[in-house]
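Asks: Got a structure here, written out as structure tokens. Questions coming.
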DNA sequence: CACGGTATGTGGTCGGACCAGAAGTGGTGG
DNA sequence: CCACCACTTCTGGTCCGACCACATACCGTG
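Chains as they are written, first to last, in the working numbering: chain X, 193 to 444; chain B, 193 to 444.
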């Protein structure tokens, strides 16, 4: 049984601290909303310097598990929270920029995730969520809207539908994946030849998507979502060079 | 146009440093493989202390964009890399433990992602990848295998298929999502009543999945993958309490 | 030319100090 | 008794300077 154990060295103390805190989370002893002791107290508990502790806390903050506030009072100090969206967004955005994956990968991932989102939304979304999405579509349809704001609203539309599906994970993933290609999409929209026509076409699809979701026709909504996304990305590939995969030296 | 600008305060200097480095990445001036100057040189460039710079670098390291090695020579120092897997895995693992999303969310996300993976694998996978997957299935079929190792190999099977699909993003996401529920699945497997029967049933599906992929029947493979995953998770929900969503105070 | 000790440079850690800000604390005057 | 205001306290954020461990480059010695 060649299990191929990793070298695992990990002599870095801040990772040991991190591991210790993570174990508390996995064991359920640290839950969302809990507050950590002040850094000056916690560091000696772990037997490390405040700097090392701070680096561990910074990691937790980076992945959206912890927020820290200076000052005094009930809201001060380090608190366990659950905010994966920003972390995931930053992660995918940077890795997309570095070419960890290409535009085609993003396209397929979006199709997979949003098919699921629209299908689930057709079953679970309540009227309030869909009304908000409708309002977004309405604002996207205003004449004279610029690609900049259109891009912003389009993102919000897709994320809104995803979150209305009741699935926090696909919602988060959808949002992060969409965000990671936002600059690319913006540049593509700005470079499109007939902007009003493109805008109108996309909005017609948005409206139809919402109509299908409202009438609980999940499968049709999923199909149209796929067409919508593939068509959109098809425009992108025409306007941009697809980010190709380069060899890497950082194989985990 | 109520765009609702965020407060954005961000007085923390390490975030400014981070932002500056990120811009270099987005502008393509920092690419995978590039080396950063030593911390002692870089800190004064940004006009910050070494500690603040280090916290920014720690963030980049956390999201798998940078690795650092002490010592001297061509391999020392901080290098830009592309290793999103560990970062994504840790992120989803912790957030799942904190209840940012529940087991049902993971189920649906897995179905969406792996349907796409198996479908794409049927079109793009080469023989070598599938042979590796076959080998994994073979080892899972060895009599007397324990849930511990089975869980390990099952993860590797699904990740292997995902990576063979040629889509680095869905592969990474599949891996991370699967990893986030690994402890849960392990406990479920260990608690299952008739372990040999369960094992045999799952392996039969694995073998059939590979057969469908090899014969390029993507749609059927996707359907079976969905059945496979839903059945698996169905066992889980029976054995475990589904992690319910708690209210949160950390709205981004 | 081969070898081995030493100097150098890297990230990692540590301790102490100070800063800015928010809230508690207590004194003061109405 | 209450309202107001200055002061104290506590928090994370930052900075500085020093040392450690380790791997390499360097250079003297054989």
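Heads up, the beta-carbon is just placed ideally off N, CA and C, and yes, glycines get one too. All of these numbers come straight from a predicted model, not from anything done at the bench.
#1: I'd like the list of long-range same chain contacts for residue 425(X), defined as Cβ closer than 6 Å, with 5 residues on each side in sequence excluded.
#2: Which of the three DSSP states, helix, strand or coil, is assigned to residue 380(X)?
#3: Along chain X, which residues have their Cβ under 8 Å away from the Cβ of residue 359(B)?
#4: May I have the straight-line CA-CA distance separating residue 437(B) from residue 317(X), to the nearest angstrom?
#5: Determine the direct distance from the alpha carbon of residue 211(B) to that of residue 193(B), and round the result to whole angstroms.
#6: Go to residue 385(B), then tell me how far its alpha helix (DSSP H) extends in each direction, as first and last residue.
#7: What's the C-alpha gap between residue 383(B) and residue 237(X)?
#8: Got a sec, what are the start and stop residues for the beta strand (DSSP E) residue 269(X) sits in?
#9: Count the other CB atoms, across all protein chains shown, that sit within 10 Å of the CB of residue 413(X); report buried if there are 16 or more and exposed otherwise.
#10: Which residues, taken in chain order from the stretch 205-218 of chain B, show a beta carbon closer than 7 Å to some beta carbon of chain X?
#11: Using only the alpha-carbon positions, how far apart do residue 218(B) and residue 400(B) sit?
#12: Quick check: the Cα distance between residue 385(B) and residue 344(B), rounded to an integer number of angstroms?
#13: Please check the pair residue 214(X) and residue 404(B), which I expect to be a contact at CB under 8 Å, by giving their CB distance rounded to whole angstroms.
#14: Per the DSSP calculation, residue 211(X) is bridged to which residue(s)?
#15: Going along chain B, which residues have a C-beta under 9 Å from residue 251(X)?
#16: Go ahead and label residue 206(B) buried or exposed: buried means 16 or more other beta carbons lie within 10 angstroms of its beta carbon, across all protein chains shown.
#17: In whole angstroms, what separates the C-alpha of residue 373(X) from that of residue 337(B)?
#18: What span of residues does the beta strand (DSSP E) with residue 258(B) cover, start to end?
#19: Taking only the alpha-carbon atoms, compute the straight-line gap between residue 362(B) and residue 355(B) and give it to the nearest angstrom.
#20: What is the DSSP secondary structure of residue 227(X), reduced to helix, strand or coil?
#21: Of all the residues that make up the stretch 306-323 of chain X, which are near chain B by a beta-carbon distance shorter than 7 Å?
#22: Does the beta carbon of residue 276(B) come closer than 9 Å to any beta carbon on chain X?
#23: Which of the three DSSP states is assigned to residue 324(B) in this structure?
#24: Taking 9 Å as the threshold (beta carbon to beta carbon), is residue 379(X) in contact with chain B?
#25: Below 7 Å on C-beta distance, what does residue 286(B) contact in chain X?
#26: Using a Cβ-Cβ cut-off of less than 8 Å, list which residues of the stretch 215-242 of chain B approach chain X; keep chain order.
#27: From residue 258(X) to residue 249(X), what does the alpha carbon distance come to, in whole angstroms?
#28: My output table needs one value for residue 338(B): the three-state DSSP class, helix, strand or coil.
#29: So, using beta-carbon positions, are residue 274(B) and residue 290(X) closer together than 9 Å?
#30: Hey, out of 335(B), 348(B), 307(B), whose CA is closest to residue 327(B)'s CA?
#31: If you measure beta-carbon to beta-carbon, which residues of the stretch 390-403 of chain B are closer than 8 Å to chain X?
#32: Reducing DSSP to helix, strand and coil, say where residue 275(B) ends up.
#33: Measuring alpha carbon to alpha carbon, tell me which of 333(X), 419(X), 306(X) ends up nearest residue 389(X).
#34: Would you mind sorting residue 323(X) into buried or exposed? The rule is 16 or more other CB atoms within 10 Å of its CB.
#35: Could you list the residues in the stretch 326-353 of chain B with a C-beta less than 9 Å from some C-beta on chain X, going in chain order?
#36: Could you name the residues of chain X that residue 279(B) contacts, counting a contact when the two beta carbons are closer than 7 Å?
Replies: Looking at the coordinates:
#1: Your numbering for residue 425(X) matches position 233 in the first chain. Cβ within range, chain order: 299.
#2: Within the first chain, numbered from 1, the residue matching residue 380(X) stands at position 188. In the three-state reduction of the DSSP assignment, residue 380(X) falls in the helix class.
#3: The sequence position of residue 359(B) within the second chain is 167, counting from 1. Under the 8 Å cutoff, chain X gives 293, 296, 297, 300, 301.
#4: Looking up residue 437(B) in the second chain gives position 245. Looking up residue 317(X) in the first chain gives position 125. With a pLDDT of 40 at residue 437(B), under the threshold of 50, the modelled position of that residue is not reliable, and no figure is offered here.
#5: Translated into positions along the second chain, residue 193(B) becomes position 1. Translated into positions along the second chain, residue 211(B) becomes position 19. For residue 193(B), the pLDDT reaches just 49, beneath the cut-off of 50, and the residue's location in the model is therefore unreliable, leaving the point undetermined.
#6: Locating residue 385(B) in the second chain gives position 193, counting from the first residue. That residue, residue 385(B), is in no alpha helix (DSSP H); it is neither H nor E in DSSP.
#7: As a working note, residue 383(B) is residue 191 in the second chain. As a working note, residue 237(X) is residue 45 in the first chain. Approximately 36 Å, taken between the alpha carbons.
#8: Taking the first residue of the first chain as 1, we reach residue 269(X) at position 77. Counting along the chain, the beta strand (DSSP E) containing residue 269(X) begins and ends at 269-272.
#9: Along the first chain, read from residue 1 onward, the residue named residue 413(X) stands at position 221. Taking a 10 Å sphere around the C-beta of residue 413(X), we find 16 or more other C-beta atoms and assign the residue as buried.
#10: Going along the stretch 205-218 of chain B in chain order, one finds 214, 217, 218 with a Cβ nearer than 7 Å to chain X.
#11: As a first step, residue 218(B) must be located in the second chain, where it is residue number 26. As a first step, residue 400(B) must be located in the second chain, where it is residue number 208. Approximately 43 Å, taken between the alpha carbons.
#12: In the second chain, the residue the question calls residue 385(B) occupies position 193. In the second chain, the residue the question calls residue 344(B) occupies position 152. Using only the alpha carbons, I get a separation of about 20 Å.
#13: Your numbering for residue 214(X) matches position 22 in the first chain. Your numbering for residue 404(B) matches position 212 in the second chain. Rounded, the Cβ-Cβ distance is 38 Å, inconsistent with contact.
#14: Here residue 211(X) is taken as the residue at index 19 of the first chain, counted from 1. Answer is none; residue 211(X) lacks a bridge partner.
#15: Your numbering for residue 251(X) matches position 59 in the first chain. Result: 250, 251, 253, 254, 282.
#16: Along the second chain, one-based indexing puts residue 206(B) at 14. Of the residues assessed, residue 206(B) falls on the buried side of the cut-off, its CB having 16 or more other CB atoms within 10 angstroms.
#17: Numbered from its first residue, the first chain carries residue 373(X) at position 181. Numbered from its first residue, the second chain carries residue 337(B) at position 145. Near 44 Å, if we compare the C-alpha coordinates of residue 337(B) and residue 373(X).
#18: To locate residue 258(B), count along the second chain from 1; it is residue 66. First-last of the beta strand (DSSP E) with residue 258(B): 258-261.
#19: Counted from its first residue, the second chain places residue 362(B) at position 170. Counted from its first residue, the second chain places residue 355(B) at position 163. Distance between the alpha carbons of residue 362(B) and residue 355(B): 8 Å.
#20: Within the first chain, residue 227(X) is the residue found at index 35, counting from 1. Correct three-state label for residue 227(X): strand.
#21: Considering only beta carbons, the part of the stretch 306-323 of chain X lying closer than 7 Å to chain B consists of 307, 308, 312, in chain order.
#22: Looking up residue 276(B) in the second chain gives position 84. Output row for residue 276(B): interface = yes.
#23: Counted from its first residue, the second chain places residue 324(B) at position 132. The three-state reading of DSSP puts residue 324(B) in helix, counting H, G and I together.
#24: In the first chain, residue 379(X) corresponds to position 187, counting from 1. Not an interface residue.
#25: Position 94 of the second chain, counted from the first residue, corresponds to residue 286(B). The answer, in chain order, is 214, 217, 255, 257.
#26: Listed in sequence order: 217, 218, 220, 223, 224, 225.
#27: As a position in the first chain, residue 258(X) is number 66, starting the count at 1. As a position in the first chain, residue 249(X) is number 57, starting the count at 1. Rounded to whole angstroms, the gap between the alpha carbons of residue 258(X) and residue 249(X) is 7 Å.
#28: Your numbering for residue 338(B) matches position 146 in the second chain. Coil at residue 338(B), not helix or strand.
#29: For the purposes of this step, residue 274(B) is identified with residue 82 of the second chain, where counting begins at 1. For the purposes of this step, residue 290(X) is identified with residue 98 of the first chain, where counting begins at 1. Contact: yes.
#30: By one-based count along the second chain, residue 327(B) stands at place 135. Of the listed residues, the one whose Cα sits closest to residue 327(B) is 348(B).
#31: Cβ contacts with chain X: none found.
#32: On the second chain, position 83 is the one that residue 275(B) refers to. If DSSP states are grouped into helix, strand and coil, residue 275(B) belongs with coil.
#33: Position 197 of the first chain holds residue 389(X). Distance check between residue 389(X) and each of 333(X), 419(X), 306(X) places 333(X) closest, using alpha-carbon atoms only.
#34: Position 131 of the first chain, counted from the start, is the residue given in the question as residue 323(X). Counting of Cβ neighbours within 10 angstroms places residue 323(X) among the exposed residues, the total staying below 16.
#35: The stretch 326-353 of chain B vs chain X, Cβ under 9 Å: 331, 341, 344.
#36: Within the second chain, residue 279(B) is the residue found at index 87, counting from 1. Here the neighbours are 283.
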